[in-house]
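Peer 1:
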Ligand SMILES: *Cc1c(COP(=O)(O)O)cnc(C)c1O
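In full-length UniProt numbering, the protein residues as written are 1 to 497.
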């Protein structure tokens, strides 16, 4: 049965999957949401035996109904290949009675690779299907990991250009080096003098800018988004939750039908929303636990029903979660309002104008499947330290936030349900923070890429190729701009001025 995509802000918009992927964001600023959430078409007995690529096809085909079998299988094959350093693509590590779902085995050693290695293929396939002749310009704001993963995915992909904005002082040394050394003639990387939310708002404003759209059209360009608001990001992320459940079952860790908890270190609310979709598709999930760092706007939202971004933006050691406007939450708001575009629009306008909104009690009641928590920087460091001391397993700061939140949740609730924690980055991406947490005395004041060698010794794991590469790569991108000049910068890069 064909599935269509609706906008969260306009009743009358209805697109095919390939159209929604191409567009990224609806004209009036809404996000695309499937008009129904399909249930898994095959049973666990079958899913249990499938590898990652087979699982990906079964899950994604339900959402991308206008892609042919051949098209989708080709996208999947091109995405989930030797770029990943493990055959399983998303392995589970059992540590201390919880299961870490390692989503960092791709080209840039963070979970963004799970979706961004396939998005360029979905997008170019979608362009072909819709007879798009324009060159597609991917415009992306990044809090650190998306940027590199998108750059790696799109570099030298024919018919595309990619421009990435990142907050100059808001990403780790490794994240920055990964981006500024990016190869590919179609890539541009710009540091902005501002934070991630400002970068994201600037990008969103360009997507909604009609005058710019016309100018682009004349020059043979059109925008698309690789940000987590694109459904082409959301759909591939559902796959690994289905895969993880099936593997737990196969390995005899759970019984058929047994519910599990899932903890997700959250920023833009994309990854956890994908987990929620997996639950709606039929994966038995008891609680979905939303873990925040000190920017705990989501914790407060689940606690009170009030989303309030009017607060100080805190730079933490889990920069990919330093976010005060979680864009993907809009999809959940829309769905729990009963797909009420008017209501959703009203709330999103309040967010834009006053920086806050409150949902109704009825909507809040729909969120009972979620639990939420947050971890301070100290709690995050303790999680890294203690997990290493007790088990030898090394967590990155984002995963450590989730781990700390889970520990508190379990203690407070007494809930002993088997639990999967989404592990979103390799510790090598944040070697300095990790080593400082493991042994503050030894590593105090030390920084630099040589810490990767120390981490190798400490963790007894190999340095991933992606981390090794940036050590010697030349810097190719040095552009910077003020927040107010983002549009001008894009026009210059595209030769529109
Ligand atoms: C992006 C990112 C997150 C947050 O994911 P969202 O989908 O934005 O909620 C968490 N950890 C890491 C390492 C990330 O790169």
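Ideal Cβ placement from N, Cα and C applies to all residues, glycine included.
Closest to residue 23 by CA distance: which of 265, 244 and 233 is it?
Peer 2: 233
Peer 1: Going residue by residue through the region 227-284, where are the continuous beta strand (DSSP E) segments of at least 3 residues, counting only ones entirely within it?
Peer 2: 260-265
Peer 1: Are three or more beta carbon pairs between the region 302-321 and the region 389-406 nearer than 8 Å?
Peer 2: Touching, per the Cβ criterion.
Peer 1: Mind checking whether the beta-carbon of residue 360 lies closer than 7 Å to any heavy atom of ligand 1?
Peer 2: no
Peer 1: To the nearest angstrom, report how far apart residue 277 and residue 126 are at their CA atoms.
Peer 2: 23 Å
Peer 1: Confirm, please, whether the CB-CB distance from residue 470 to residue 178 is below 8 Å.
Peer 2: With contacts defined as CB atoms closer than 8 Å, residue 178 and residue 470 qualify as a contacting pair.
Peer 1: Which of helix, strand or coil does DSSP assign to residue 393?
Peer 2: coil
Peer 1: Drop a sphere of 10 angstroms on the beta-carbon of residue 391, count the other beta-carbons inside from all chains shown, and report buried for 16 or more, exposed for fewer.
Peer 2: exposed
Peer 1: Measuring alpha carbon to alpha carbon, tell me which of 279, 33 and 86 ends up nearest residue 64.
Peer 2: Nearest in C-alpha terms to residue 64, of all of 279, 33 and 86, is 33.
Peer 1: Kindly indicate which three-state DSSP category residue 477 falls into: helix, strand or coil?
Peer 2: Note: residue 477 maps to coil in three-state DSSP.
Peer 1: State buried or exposed for residue 39, treating a residue as buried only when at least 16 other CB atoms are found within 10 Å of its CB.
Peer 2: That one is exposed.
Peer 1: Cα separation between residue 84 and residue 342?
Peer 2: As the crow flies, the alpha-carbon of residue 84 is around 43 Å from that of residue 342.
Peer 1: Taking Cβ positions, are residue 226 and residue 150 nearer each other than 8 Å?
Peer 2: In contact: residue 226 and residue 150 (Cβ atoms closer than 8 Å).
Peer 1: Using 8 Å as the cut-off, can you tell me whether the region 344-364 makes contact with the region 288-298, which would need three or more C-beta pairs spanning the two stretches below that distance?
Peer 2: no
Peer 1: Just the Cα atoms here: how many angstroms apart are residue 406 and residue 378?
Peer 2: 15 Å
Peer 1: Let me check you understand the geometry: is the CB of residue 60 closer than 7 Å to at least one non-hydrogen atom of ligand 1?
Peer 2: Of the heavy atoms belonging to ligand 1, none sits nearer than 7 Å to the Cβ of residue 60.
Peer 1: Just to confirm, does residue 269 get its C-beta within under 7 Å of one of the non-hydrogen atoms of ligand 1?
Peer 2: Ligand 1 has a heavy atom closer than 7 Å to the beta-carbon of residue 269.
Peer 1: Measuring only the C-alpha atoms, how far is residue 281 from residue 77?
Peer 2: The straight-line gap from Cα to Cα measures roughly 23 Å.
Peer 1: Could you spell out the range, first to last residue, of the alpha helix (DSSP H) harbouring residue 167?
Peer 2: Unbroken run through residue 167 is the beta strand (DSSP E), 160-167; no alpha helix (DSSP H).
Peer 1: Could you tell me which residues DSSP puts in a beta bridge with residue 94?
Peer 2: Per DSSP, 99.
Peer 1: May I ask which residues mark the beginning and end of the alpha helix (DSSP H) holding residue 201?
Peer 2: 196-207
Peer 1: According to DSSP, is residue 435 helix, strand or coil?
Peer 2: helix
Peer 1: Quick one: what does DSSP say residue 175 is sitting in, helix, strand or coil?
Peer 2: helix
Peer 1: Which same chain residues end up closer than 6 Å to residue 248 when comparing Cβ atoms and leaving out the 5 residues on each side of it in sequence?
Peer 2: 254
Peer 1: Is residue 191 helix, strand or coil by DSSP?
Peer 2: strand
Peer 1: Whose C-beta lies closer than 6 Å to the C-beta of residue 482 among residues of the same chain, with five residues either side of it excluded?
Peer 2: 193
Peer 1: Around the C-beta of residue 484, are 16 or more other C-beta atoms found within 10 angstroms, so that it is buried, or is it exposed?
Peer 2: exposed
Peer 1: Buried or exposed: which applies to residue 146, given that a residue is buried once 16 or more other Cβ atoms fall within 10 Å of its Cβ?
Peer 2: buried
Peer 1: May I have a chain-ordered list of the beta strand (DSSP E) segments no shorter than 3 residues that lie completely inside the UniProt domain "Threonine synthase N-terminal" (5-80)?
Peer 2: 5-7 and 32-34
Peer 1: According to DSSP, is residue 152 part of a helix, a strand, or is it coil?
Peer 2: helix
Peer 1: Beta carbon of residue 112: closer than 7 Å to some heavy atom of ligand 1?
Peer 2: yes
Peer 1: Can you tell me whether DSSP reads residue 454 as helix, strand or coil?
Peer 2: helix
Peer 1: Any heavy atom of ligand 1 within a distance shorter than 7 Å of the CB on residue 398?
Peer 2: yes
Peer 1: Ends of the beta strand (DSSP E) at residue 139?
Peer 2: 135-141
Peer 1: What does DSSP give as the partner residues of residue 374 in its beta bridges?
Peer 2: 292
Peer 1: Cutting at 8 Å between CB atoms, please list the residues of its own chain near residue 416, excluding the five before and the five after it.
Peer 2: 410
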